[in-house]
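Below is one structure, written out as structure tokens, with a few remarks after it.
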Amino acid sequence: MQGSFLFPATLPSPLAFFPLNLLLLDKRVSSLFLPKDDPRTVHLLGVLKVREGDEIDLAVRNGPKGKGMVSLPGEGAIKLEIRWLEPHPRDLHPVRLILGLARPQTCRKILEQASALGVERMAFFEAEKGEPSYAQSSLWQTHEWMERIDRGIEQSFSSFIPSCTVYSSLEETLASERTARDPRKVALDNYESPEPLSAVGIERGSPVLLALGPERGWSAAERELLRSVNFEFRHLGERVLRLETAAVAALGIVLASYWGEDSESR
Numbered sequence: 084m085q086g087s088f089l090f091p092a093t094l095p096s097p098l099a100f101f102p103l104n105l106l107l108l109d110k111r112v113s114s115l116f117l118p119k120d121d122p123r124t125v126h127l128l129g130v131l132k133v134r135e136g137d138e139i140d141l142a143v144r145n146g147p148k149g150k151g152m153v154s155l156p157g158e159g160a161i162k163l164e165i166r167w168l169e170p171h172p173r174d175l176h177p178v179r180l181i182l183g184l185a186r187p188q189t190c191r192k193i194l195e196q197a198s199a200l201g202v203e204r205m206a207f208f209e210a211e212k213g214e215p216s217y218a219q220s221s222l223w224q225t226h227e228w229m230e231r232i233d234r235g236i237e238q239s240f241s242s243f244i245p246s247c248t249v250y251s252s253l254e255e256t257l258a259s260e261r262t263a264r265d266p267r268k269v270a271l272d273n274y275e276s277p278e279p280l281s282a283v284g285i286e287r288g289s290p291v292l293l294a295l296g297p298e299r300g301w302s303a304a305e306r307e308l309l310r311s312v313n314f315e316f317r318h319l320g321e322r323v324l325r326l327e328t329a330a331v332a333a334l335g336i337v338l339a340s341y342w343g344e345d346s347e348s349r
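Residue numbering for the sequence shown follows the working numbering, starting at 84 and increasing by one per position.
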């Protein structure tokens, strides 16, 4: 029996195939010139097929959003005349993510996805069961980690940037996470968790400190350290998940209360 396929009545906009929903800028300007060899120009002309008079969305990092009207001055370049919109509220959630350093490709995915979901902070640490060379990868030794965060923010159509730091140990990480508001502290663990993460019952809008160990899990000393500062251990079920999968699944559970709050305010 042959399978059948359903096709949409019309083809989707080229925007559907573009991973970035707006362009992030370093500062507020009235116009922006993008030369032919700028990667943004390549995307706008080659993928989005923008034309004279089209508008694209953009934003200043940690600032307002705006609309850029496209003009094509020639030689493959683009000029944007920018109209800035009214300031919008900070939309990062009071969720801080602690993660054991993993393979660079895994961390790249987490940086993008956690940023897109709206965490306010990510803290990576060199875990006792981790690979020491991970901290020396080009991801962390160049500006690539910042670029990955930008991708997540652009994808989510936001402008507010989470902070991100790499620490030499879990102890150093926890010492940096002292805040005025006492957060709910939860650590994922496959072996010593009495209940699933979904049973935690996080209060709507309350701050959360969510910790995930490296790919090989927590050491005994790290578990004891987490207990000493009142972390609760929870799990995501019986299946063994990749770290990037566990991070996104856990954030989905934790952030559900914020989404409910957002929907009621609309």
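Virtual Cβ for every residue (Gly too), placed ideally from N, Cα, C. Because the structure is a prediction, the values reported are computed rather than measured.
Checklist entry - Quick one: Cα of Gly-300 to Cα of Lys-212, how far? => result Along the sequence shown, one-based indexing puts residue 300 at 217. Along the sequence shown, one-based indexing puts residue 212 at 129. Rounded to whole angstroms, Gly-300 to Lys-212 spans 7 Å at the Cα level.
Checklist entry - Is it true that the segment 267-274 meets the segment 301-321, where meeting means three or more beta-carbon pairs spaced less than 8 Å apart? => result yes
Checklist entry - Looking at C-beta atoms only, is the number of pairs between the segment 171-189 and the segment 125-132 that lie closer than 8 Å three or more? => result no
Checklist entry - With distances taken between CB atoms, is the gap from Thr-256 to Phe-208 smaller than 8 Å? => result By one-based count along the sequence shown, residue 256 stands at place 173. By one-based count along the sequence shown, residue 208 stands at place 125. It is a contact, given that the beta carbons lie within the stated cut-off.
Next on the checklist: Only counting the same chain, and skipping five residues up and downstream in sequence, which positions put a Cβ closer than 7 Å to that of Pro-156?
Outcome noted: One-based indexing of the sequence shown puts residue 156 at position 73. Within the same chain, Pro-156 has close Cβ partners Lys-162.
Item to check | Run of the beta strand (DSSP E) containing Thr-248, from where it starts to where it stops | outcome: What you label residue 248 is simply residue 165 of the sequence shown in a count that begins at 1. Per DSSP, Thr-248 belongs to the beta strand (DSSP E) from 246-250.
Next on the checklist: Three or more C-beta pairs under 8 Å: does that hold for the segment 283-296 against the segment 179-189?
Outcome noted: yes
Item to check | Boundaries (first-last residue) of the beta strand (DSSP E) holding Ile-417 | outcome: The shown model of the chain, from 84 to 349, leaves out residue 417, and the question about it has no answer.
Checklist entry - Quick one: complete beta strand (DSSP E) runs, 3+ long, within the segment 113-171? => result 114-117, 138-143, 148-157 and 160-167
Checklist entry - Does DSSP put Arg-317 in a helix, in a strand, or in coil? => result Sequence index remark: in the sequence shown, residue 317 carries index 234 (1-based). Arg-317 falls in the strand class under three-state DSSP.
Checklist entry - If we count the other Cβ atoms within 10 Å of its Cβ and call it buried at 16 or more, is Thr-192 buried or exposed? => result Here residue 192 refers to the residue found at position 109 when the sequence shown is read from its first residue. Reading off the sequence shown, one finds Lys at residue 192, where the question assumed Thr. The residue is buried, with at least 16 neighbouring Cβ atoms inside 10 Å.
Checklist entry - Under 8 Å, do Trp-228 and Leu-194 count as touching if we go by C-beta distance? => result Position 145 of the sequence shown, counted from the start, is the residue given in the question as residue 228. Position 111 of the sequence shown, counted from the start, is the residue given in the question as residue 194. Against a cut-off of 8 Å, the Cβ pair of Leu-194 and Trp-228 comes out as a contact.
Next on the checklist: Taking DSSP's pairing of strands, which residues face Asp-183 in a bridge?
Outcome noted: Here residue 183 refers to the residue found at position 100 of the sequence shown. Note that residue 183 is Gly in the sequence shown here, rather than Asp. DSSP, once it has assigned bridges, lists Phe-208 as partnering Gly-183.
Item to check | Residue(s) in a DSSP beta bridge with Arg-267 | outcome: As a first step, residue 267 is located in the sequence shown; it is residue number 184 there, counting from the start. Val-291, per the DSSP bridge assignment.
Item to check | Through-space distance from Arg-111 to Ile-244, alpha-carbon basis | outcome: Numbered from its first residue, the sequence shown carries residue 244 at position 161. Numbered from its first residue, the sequence shown carries residue 111 at position 28. Rounded to the nearest angstrom, the two C-alpha atoms are 16 Å apart.
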